[in-house]
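Here the structure is laid out as structure tokens; the discussion comes afterwards.
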């Protein structure tokens, strides 16, 4: 299976650089344009199925993709973003001041650091990979797209590259970006990371507005 991983478009928390976990944020106007651009980029890929995280920002992104590619978006539990627990909505400064012990552990080993009231990246990777394996069983030879989130996609990329989860710091997964994996019974392979060429016109129009 070839799997395109699409990060949802921008939300207000993304725009304001606040921690965003599993809250139900909607897309901003920019986020809608990012999602539409991603949808257009996927029209020539011959998708046979479209899956999405159940969170609102992903659902809104997948709805726009579904309209463009002529598929129904199916919810796939397990593709949700990292549960950030008590940290949801905080600024980076607030995180450092309120949770210094956690931040120290996050810096040391982000894979096992458990967010207060939330989960760890290891847990995210495990549940996300279970979701991907279930999708692959349904479409072993197909081309599939899934709309998900920053840390969720990062942990899947780390698995494909056989990196420790803390390896997510070595790359980026931008809003509205497209990455891709080849998922086989032997091992997953990364074939595309953080493609944003389709967002060039979105960036240009945003800069013109600003």
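Residue numbers (my numbering): 2 to 211. Every residue gets a Cβ at the ideal spot worked out from N, C-alpha and C, and that includes glycine.
Start and end residues, beta strand (DSSP E) containing residue 183: 179-184
Between the alpha carbons of residue 7 and residue 205, how many angstroms are there, rounded? 21 Å
Quick test of the definition: if touching needs 3 or more C-beta pairs under 8 Å, does the stretch 136-143 touch the stretch 41-60? yes
Starting from residue 189, follow the beta strand (DSSP E) in both directions and report where the run begins and ends. 189-196
Stretch pair the stretch 158-171 + the stretch 72-85: three plus CB contacts closer than 8 Å: no
By the DSSP assignment, the alpha helix (DSSP H) with residue 124 in it spans what residues? First-last of the alpha helix (DSSP H) with residue 124: 122-139.
According to DSSP, what are the bridge partners of residue 3? 144 and 183
For residue 150 and residue 81, the rounded distance between their alpha carbons: 7 Å
Residue 170 and residue 195: beta carbons closer than 7 Å? no
Quick one, are the C-beta atoms of residue 146 and residue 31 less than 7 Å apart? Not closer than 7 Å, so no.
Length of the line joining the Cα atoms of residue 38 and residue 201: Linking residue 38 to residue 201 through their CA atoms gives a straight-line distance of about 9 Å.
Give the straight-line distance between the Cα atoms of residue 97 and residue 90, rounded to the nearest whole angstrom. Going from the Cα of residue 97 to the Cα of residue 90 covers about 13 Å.
So the beta strand (DSSP E) residue 200 belongs to, where does it begin and stop? From DSSP, residue 200 is part of no beta strand (DSSP E); its letter is neither H nor E.
Spatial neighbours of residue 184 in its chain, beta-carbon cut-off 7 Å, leaving aside the 5 residues before and after: Contacts found: 2, 4, 133 and 137.
Please state whether the Cβ-Cβ distance between residue 193 and residue 161 is less than 7 Å. no
Between which two residues does the alpha helix (DSSP H) holding residue 75 run? Looking at the DSSP string, residue 75 is not in any alpha helix (DSSP H); the run it does join, the beta strand (DSSP E), is 74-76.
On the DSSP bridge list, what partners appear for residue 51? 74 and 146
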